[in-house]
Amino acid sequence: MTRSVRFETWDVFTRERFAGNPLAVVKDADALREDELAAISREFNLSETVFLYPPTDTDNIARIRIFTPGRELAFAGHPTIGAAHAIAAQRASRAAFNLELKAGVFAISFDDAGATFVNPNPPTATPSHVTRAMLADALGLESADILAAPMVAGAPTPFLTVEAPYDALGRMAPDMSAIARLGDEIYVVARAPGEPEMFRTRMFAPSIGVPEDPATGSAACALPAYVAATSGLADGHCAWTVEQGVEMGRPSLIRLAFDVSAGSVGVVAVSGAAIRMQAGELHLDD
-5 MTRSVRFETW DVFTRERFAG NPLAVVKDAD ALREDELAAI SREFNLSETV FLYPPTDTDN
55 IARIRIFTPG RELAFAGHPT IGAAHAIAAQ RASRAAFNLE LKAGVFAISF DDAGATFVNP
115 NPPTATPSHV TRAMLADALG LESADILAAP MVAGAPTPFL TVEAPYDALG RMAPDMSAIA
175 RLGDEIYVVA RAPGEPEMFR TRMFAPSIGV PEDPATGSAA CALPAYVAAT SGLADGHCAW
235 TVEQGVEMGR PSLIRLAFDV SAGSVGVVAV SGAAIRMQAG ELHLDD
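So the sequence shown is numbered by this note's numbering: it starts at -5 and just counts up by one.
Written out as structure tokens, the structure reads:
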């Protein structure tokens, strides 16, 4: 005997098909055994697969669990945005709702830009033991290309974050073995020339089964804390755009909104579009 479980795939942080970050959304996940979650994630072999469950609190619309091919995550940005779009499509409503994640309850809303979540975890940035030379070697860059001290930035998922020149993103030659030996997900940030609110990024996480990610909303959540720690931010409201996935041929746009008070960054809102690509069924043995 077999069981059938519905799934969809979505391209997230894009309005264009075959762009953005692909995501598998598995519905009716309460019909799955615990060991099947990781196996299904490996079968899809995407950056992340998200599983939808009934909420534990009826004030919320759903509970989600997020898996890479290598492990479960408490929070990730593109699965949260993708799940929000999938749930809204299923409900045929763009009314606001709450999603339960292991990292907390996330408020979801919709507008012309797509779905927005508010991360309840304020971003932080702390110094890293990894040196500029170590990072430059792992990324295939010169030490002079590492523009600021590496820091561990998270909200709450930690990323080894470093700033590089804009042109370095296209000429780096990452060594996945060296990156994995550093033991961290590496988020490389560049400021767009002449556009202080525009960033371009790349993210590498071979240790969790993601050699390179086309769009990393969880890392983008922590970017304001990294910038505040390395170069400072003026008080007030900020709206930033983060471009990622260009070098992979999967261009993505992540929009951030946050407030800065007394030099500290508050909670970050992340917005992004998504488009459904596939719908089908998984057939599993009883």
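Beta carbons: idealized from backbone N, C-alpha and C, even for Gly.
Only a predicted model underlies this, so the values are computations on that prediction, with no experimental measurement involved.
Just confirm the distance between the C-beta atoms of residue i and residue j, as a whole number of angstroms; I'd bet it's less than 8 Å.
i, j, result
"residue 116", "residue 261", "5 Å"
"residue 72", "residue 42", "7 Å"
"residue 0", "residue 21", "4 Å"
"residue 166", "residue 181", "No, residue 166 and residue 181 are not in contact; Cβ-Cβ is about 13 Å, not under 8 Å."
"residue 244", "residue 13", "6 Å"
"residue 68", "residue 151", "7 Å"
Determine the contact status of residue i and residue j, defining contact as a CB-CB distance below 7 Å.
i, j, result
"residue 17", "residue 108", "no"
"residue 163", "residue 138", "no"
"residue 63", "residue 88", "no"
"residue 56", "residue 2", "no"
"residue 222", "residue 112", "no"
Is it buried or exposed, residue i, if we count other Cβ atoms within 10 angstroms and call 16 or more buried?
i, result
"residue 160", "exposed"
"residue 157", "buried"
"residue 238", "buried"
"residue 39", "exposed"
"residue 91", "buried"
"residue 30", "buried"
"residue 218", "buried"
"residue 246", "buried"
"residue 206", "buried"
"residue 225", "exposed"
"residue 255", "exposed"
"residue 233", "exposed"
For the beta strand (DSSP E) containing residue i, list its first residue and its last residue.
i, result
"residue 271", "268 to 279"
"residue 42", "42 to 47"
"residue 157", "152 to 157"
"residue 231", "230 to 238"
"residue 98", "98 to 105"
"residue 137", "Per DSSP, residue 137 belongs to no beta strand (DSSP E) and is neither H nor E."
"residue 181", "180 to 185"
"residue 111", "108 to 112"
Could you give the distance in angstroms between the alpha-carbon of residue i and the alpha-carbon of residue j?
i, j, result
"residue 170", "residue 101", "35 Å"
"residue 95", "residue 50", "11 Å"
"residue 228", "residue 258", "9 Å"
"residue 47", "residue 59", "8 Å"
"residue 216", "residue 118", "7 Å"
"residue 195", "residue 128", "19 Å"
"residue 132", "residue 177", "12 Å"
"residue 34", "residue 5", "18 Å"
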